[in-house]
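Chains as they are written, first to last, in the working numbering: chain A, 7 to 192; chain B, 7 to 192.
All residues carry an ideal CB built from backbone N, CA and C; glycine is no exception.
Down below is the structure, laid out as structure tokens.
2 protein chains.
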Amino acid sequence: MPEKPQHEVTAAEDPALAFQTHDHRHCVGTMLARAEAVCADKGLRLTPVRRRVLEILLETHKALGAYEVLDRLAADGFGHQPPVAYRALDFLVTHGLAHRIQRLNAFAACMHTTDDSDAGHEAVFLICRDCNALAEAPGLRLRAALEAAAAGADFAVEGAAIEAIGLCARCRAAAGEGNDNAGVGA
Amino acid sequence: MPEKPQHEVTAAEDPALAFQTHDHRHCVGTMLARAEAVCADKGLRLTPVRRRVLEILLETHKALGAYEVLDRLAADGFGHQPPVAYRALDFLVTHGLAHRIQRLNAFAACMHTTDDSDAGHEAVFLICRDCNALAEAPGLRLRAALEAAAAGADFAVEGAAIEAIGLCARCRAAAGEGNDNAGVGA
DNA sequence: CTTGAACTGTTATACCGTAACATATACTTC
DNA sequence: GAAGTATATGTTACGGTATAACAGTTCAAG
Ligand SMILES: [Zn+2]
Ligand SMILES: [Zn+2]
Ligand SMILES: [Zn+2]
Ligand SMILES: [Zn+2]
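Below you can see the structure in the form of structure tokens.
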């Protein structure tokens, strides 16, 4: 069954979209614009490599390995060596424009519009083990629960990685009906 | 200031102990006994390598890299090749006797006595960025909060890694007073 | 234009993890 | 106990992930 037409909403506002067919150009445009705004605001330089890396990450709601990113960069005429990718990725992660997904040794574009707690903001990552799509859900509640749990050990939380593995609605449905369906989120 | 004398409590019952001076032999004894009980119960074989790996992990409330474990194994007359360590570690992780800490690409002995949800039980890891000590706090509340957050994206959580970075009480105190203090937890 | 800081690119290397196969040990069945 | 099967241990070899160190380039002032 085909999806209903989408209105102008990005996965930044509704994480569930990452697992659905949607007009992804809105996601890309919104997040790229935010990146430019953030950099202008903080006096950071969104150089060609960095911008291209962000674009590459934004192409899909999935996490990409550094070497995958590197291959794409190389194909675009940038450097062919790991540090080229890692440095750009570090820049994006440091300034809250991308996230490292520990579990996958991979990176994904940040999907937040709210630049209130810009760098190192808290997020929860939902990773579908079937289609590999990745959504970024708001983690404020979880952060509070985490700090409560940590308080019991007299531990001061500075940052947290919260990564859940599971099945998105689409893949659950497919599994239940013996259906097969193609990729999503790009 | 020296710590007050400890009674017979392990880090399994009080995660905070992982960050304090304590009689660690209780931790080791308790967890080793639990491992044997679990294996006997499930018909698993806690072979010499596996047992030794668990002992190595139990030596300290810190996460150890696979190659670090391997070096210790080799020194004890076991194999010198990576798979020797990885297989034993996989066994321990699979059966809930150890955990993989994604953020550190490292492993730590499980510090739970409650074998209710034996394998793959949920836990929150608190990692002190200063002394590298690691505590395992109960994660039931967080798991609930996580499922609630995931429900918003119609995502079914099957497993989660929750890893917090921060400062333990001891290291906070040391930082605050310009003190220096030695290692802890072993 | 000069100077220093930041960015890009390179070589080389270290760390983390697994595939594939050979050997040895432990259970099962006769 | 012997034969056969499953499990565990050990080895070689390789692939994926990440960083150190250094050289050249671009940029923003001064
Ligand atoms: Zn999108
Ligand atoms: Zn999915
Ligand atoms: Zn202990
Ligand atoms: Zn500490």
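- Under the three-state reduction of DSSP, B/R176 is assigned to helix.
- Per DSSP, the beta bridge partners of A/L132 are A/A141, A/A170.
- Looking at the DSSP output, B/A114 bridges to B/H105.
- A buried status is given to A/L60, since no fewer than 16 other beta-carbon atoms sit within 10 Å of its beta-carbon.
- Within 10 angstroms of the beta-carbon of A/P89 lie fewer than 16 other beta-carbons, which makes it exposed.
- For A/L52, there is no enclosing alpha helix (DSSP H), since its DSSP letter is neither H nor E.
- Residue contact check for A/V15 against chain B: no CB pair falls below 8 Å.
- From the beta-carbon of A/P21, the residues of chain B found nearer than 8 Å are G158, A159.
- Per the CB criterion, closer than 7 Å to any heavy atom of ligand 4, the qualifying residues run in chain order as B/F25, B/C134, B/D136, B/C137, B/A139, B/L173, B/C174, B/R176, B/C177, B/V190.
- With respect to B/A81, B/R56 sits apart: the two C-beta atoms are not nearer than 8 Å.
- A/C33 has its Cβ nearer than 7 Å to a heavy atom of ligand 1.
- A/C134 places its beta carbon less than 8 Å from that of A/L173.
- With contacts defined by Cβ atoms closer than 8 Å, B/E19 and B/T100 do not form a contacting pair.
- Taking every protein chain shown into account, the CB of A/L23 has 16 or more other CB atoms within 10 angstroms, so this residue is buried.
- Using beta-carbon distances, A/G182 does not count as an interface residue toward chain B, since no partner is under 8 Å.
- Checking the 7 Å criterion, the Cβ of B/H101 is out of range of every heavy atom belonging to ligand 1.
- Under the DSSP assignment, A/F97 falls in the alpha helix (DSSP H) whose first and last residues are 88 to 100.
- As a beta-bridge residue in DSSP terms, A/V163 pairs with B/G172.
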